[in-house]
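Peer 1:
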Amino acid sequence: MMNIYNLGIWVEMGHKADEMSIMEALSVSLVGICVVLAELALLAVLIILLSKVLRVFTKKKTADNTAPVNAAPAQAPAGVPLPAGQSAGSLDLVDVDESTAAVIMAIVSNESGIPLNRLAFKSIKLMEEK
Amino acid sequence: MILEVLKGIWEGSGIQAIIGDMMWQNVVMILVSFVFLYLAIGKKFEPLLLVPIAFGILLANMPDTGLMADPLNLMHAEGVVVDPNEVWYHTGVLRLIYCGVKSSIFPCLIFLGIGAMTDFGPLLANPISLLLGAAAQLGIYVAFVVAIVLGFSPNEAASIAIIGGADGPTAILVASKLAGHLLAPIALAAYSYMALIPLIQPPIMKLLTTEKERKVEMKQLREVSKTEKIIFPIAVFTIVALILPDAAPLIGFLMLGNLFKECGVTERLSDTAQNALTNIVTIMLGVTVGATANGIDFLKWNTIKIVVLGLMAFCFSTVGGLLLGKLLYIITGGKINPLIGSAGVSAVPMAARVSQTEGRKYNPTNFLLMHAMGPNVAGVIGSAVAAGFLLLMFN
Chain Y
1 MMNIYNLGIW
11 VEMGHKADEM
21 SIMEALSVSL
31 VGICVVLAEL
41 ALLAVLIILL
51 SKVLRVFTKK
61 KTADNTAPVN
71 AAPAQAPAGV
81 PLPAGQSAGS
91 LDLVDVDEST
101 AAVIMAIVSN
111 ESGIPLNRLA
121 FKSIKLMEEK
Chain W
131 MILEVLKGIW
141 EGSGIQAIIG
151 DMMWQNVVMI
161 LVSFVFLYLA
171 IGKKFEPLLL
181 VPIAFGILLA
191 NMPDTGLMAD
201 PLNLMHAEGV
211 VVDPNEVWYH
221 TGVLRLIYCG
231 VKSSIFPCLI
241 FLGIGAMTDF
251 GPLLANPISL
261 LLGAAAQLGI
271 YVAFVVAIVL
281 GFSPNEAASI
291 AIIGGADGPT
301 AILVASKLAG
311 HLLAPIALAA
321 YSYMALIPLI
331 QPPIMKLLTT
341 EKERKVEMKQ
351 LREVSKTEKI
361 IFPIAVFTIV
371 ALILPDAAPL
381 IGFLMLGNLF
391 KECGVTERLS
401 DTAQNALTNI
411 VTIMLGVTVG
421 ATANGIDFLK
431 WNTIKIVVLG
441 LMAFCFSTVG
451 GLLLGKLLYI
461 ITGGKINPLI
471 GSAGVSAVPM
481 AARVSQTEGR
491 KYNPTNFLLM
501 HAMGPNVAGV
511 IGSAVAAGFL
521 LLMFN
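Protein sequence lines correspond, in order, to chains Y and W. The numbers in our numbering rise by one with no breaks, and the one at position 121 of the first sequence is 121. Every position in the second sequence, counted from 1, becomes a number in our numbering once 130 is added.
#1: In chain Y, which residues lie with their C-beta within 7 Å of the C-beta of glycine 394 of chain W?
#2: Hey, could you find the ends of the beta strand (DSSP E) leucine 133 of chain W is sitting in?
#3: Are the Cβ atoms of leucine 268 of chain W and valine 449 of chain W separated by less than 8 Å?
#4: Any idea what DSSP makes of aspartate 427 of chain W, helix, strand or coil?
#5: Would you mind sorting proline 115 of chain Y into buried or exposed? The rule is 16 or more other CB atoms within 10 Å of its CB.
#6: In or out: glycine 32 of chain Y buried (at least 16 other Cβ within 10 Å) or exposed?
#7: Could you pull the start and end residues of the beta strand (DSSP E) that serine 123 of chain Y belongs to?
#8: Taking a contact to mean a Cβ-Cβ separation below 8 Å, would you say phenylalanine 519 of chain W touches leucine 374 of chain W in this structure?
#9: Starting from aspartate 92 of chain Y, follow the beta strand (DSSP E) in both directions and report where the run begins and ends.
#10: Determine whether the beta carbon atoms of alanine 265 of chain W and phenylalanine 274 of chain W lie at a separation below 8 Å.
#11: Short check: CB of valine 510 of chain W to CB of aspartate 297 of chain W, under 8 Å?
#12: So with CB distances below 7 Å, who are the chain Y contacts of methionine 523 of chain W?
#13: Quick one: any contact between the segment 432-439 of chain W and the segment 167-177 of chain W, if contact means 3 or more CB pairs under 8 Å?
#14: Closest by CA to asparagine 432 of chain W, which one among W:Leu389, W:Ala319 and W:Ser355?
#15: Please state whether the Cβ-Cβ distance between proline 257 of chain W and isoleucine 48 of chain Y is less than 8 Å.
#16: Using a beta-carbon distance cut-off of less than 8 Å, what residues from the segment 272-293 of chain W approach chain Y?
#17: Could you tell me whether the Cβ atoms of isoleucine 466 of chain W and serine 485 of chain W are closer together than 8 Å?
#18: I'd like to check one pair, leucine 312 of chain W with alanine 305 of chain W: are the Cβ atoms closer than 8 Å?
#19: 8 Å is my cut-off, CB to CB: does aspartate 18 of chain Y come that close to chain W?
#20: Under the three-state reduction of DSSP, which class applies to leucine 167 of chain W: helix, strand or coil?
#21: How many angstroms separate the CA atom of glycine 251 of chain W from the CA atom of isoleucine 369 of chain W?
#22: Starting from the N-terminal side, write out each stretch of the alpha helix (DSSP H) that is 4 residues or longer and does not extend beyond the segment 425-471 of chain W.
#23: In this structure, does DSSP put aspartate 18 of chain Y in helix, strand or coil?
#24: Give me the residue from W:Ser476, W:Leu429 and W:Phe446 with the minimum Cα distance to leucine 161 of chain W.
#25: Taking DSSP as the reference, what is the three-state secondary structure of asparagine 525 of chain W?
#26: Please report the residue range of the alpha helix (DSSP H) in which glutamine 331 of chain W lies.
#27: Name the residues in the segment 251-263 of chain W whose C-beta lies less than 7 Å from a C-beta of chain Y; which are they?
#28: Given lysine 179 of chain W, which residues of its chain have a CB within under 6 Å of its CB, disregarding the five upstream and five downstream residues?
#29: With a cut-off of 8 Å, does the C-beta of leucine 126 of chain Y fall near any C-beta of chain W?
#30: Would you check if the distance between the CB atom of threonine 104 of chain W and the CB atom of leucine 452 of chain W is smaller than 8 Å?
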């Protein structure tokens, strides 16, 4: 149980609460930065492991779901929209950078009320002002 | 009779107090509050924080208002009643609200709001960001050593050093626990430097990186699943609380707020944490932190030292992030732009915006913002862990 009158490790180690030499300060700092690095590195490893485990599960699930579809590809209905958040195909950009193209596609989707996964863009071209 | 009443009114007025017993330090602080109000309202310089802080300074330095009166010595004797004839409701209203700072309630609630506003997606997509967030805490430890050299006690040095974490609530929490008498200059320095990040960081970024490094375009981040986003806050809190329990209050509230946002079934709670609650707590935190800046306690040589040490801590934290960014640039064969390292100094999302702006100066087609958000939110976790370590050592 945590003691509310805990004076901290520094005092518990037998040091005076209001004194610290430069060498002691350097040691505390070194330990401090190592603790932060180690703890965040541990979290990074955890995230990597978590994403790998989840990916394995997702792949397994996807494989189970797609197996019958693979068996009868000819019967797949044409024009079925992609799952939300996914896109496919290629897009020709003429004098337009990717970010501008992304903005244009988002505007078209918003204005038309059609989700992006149901829209197909073939090319986006900069028109010269006359 | 009328003259006696008028005399009584005069003697009880603030005008008489200004002429009679007001200290010059209070006058200076009132002028400082006017300058801050001008900066906040006229120049739109961090107005959401600076207006309440500046008004708090004004409230605390006006004579005879009693807003920060502390007859029970609540703030100096750990709650021990020193005068049995006094009662709690004689305590100044701002002093009572300030109990929310002293007891860590406000910093934790602010962290709840930050958690509800934060998207950890970029961090989950690129976990190496966490190392950048850790390296950008370097300034905390450099400032700690220098503060010890300058004669501060370990508790004071730790409180000053945490300014390098570039995180206002964390700085307030650590300072209120370890060195309450330094809270005002520490909080003001922390928030001021956070607002000045666009001025402080770019020269250091330019100094420590080459043009080739600044031009690096990073590949698009992978999509992060909802399951990962839900598991992340629970896992982070569990690990941090087990290793460093002193960091649990901050990390706990941060991750609870984030769980509200990501779980998808607590939208009302997430909305309240992001907006109403954060706004309410910001008002109370800002006003009371400002009110601790009483001229007599504030205008001291130590305040100048704290301001200088805070700036140094900020600069070294930026250096730490950039140096690790450069190391990762070398290790990954040029796939990581070192400019995202400077975003590890917390201060969400200002530091990430600076990385984006600086990156685009050298490569107009470069979009570093989402890449920089990873180290940026990692910096929030890093500074909370660093605070936990300092509290464990000295609280």
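Glycine included, each C-beta is placed from N, C-alpha and C at the ideal position. Here the structure is a predicted model, which is why all the values come from computation and not from measurement.
Peer 2: Judging by the given coordinates:
#1: Correct list: empty, because the minimum Cβ distance to chain Y is about 14 Å.
#2: Premise fails: leucine 133 of chain W lies in the alpha helix (DSSP H), 132-142, not in any beta strand (DSSP E).
#3: yes
#4: helix
#5: exposed
#6: buried
#7: 123-125
#8: yes
#9: 92-94
#10: no
#11: yes
#12: Gly8, Ile9, Trp10 and Val28
#13: no
#14: W:Ala319
#15: yes
#16: Val272, Phe274, Val275, Ile278, Val279, Ser283, Pro284, Asn285 and Ala287
#17: no
#18: yes
#19: yes
#20: helix
#21: 19 Å
#22: 425-428 and 431-461
#23: coil
#24: W:Leu429
#25: coil
#26: 327-338
#27: Leu254, Pro257, Ile258, Leu260, Leu261 and Gly263
#28: One detail in the question is off: residue 179 of chain W reads as leucine in this sequence, not lysine. Hits under 6 Å: Tyr321 and Gly416.
#29: no
#30: Nothing about residue 104 of chain W can be read from this structure; chain W reaches only from 131 to 525.
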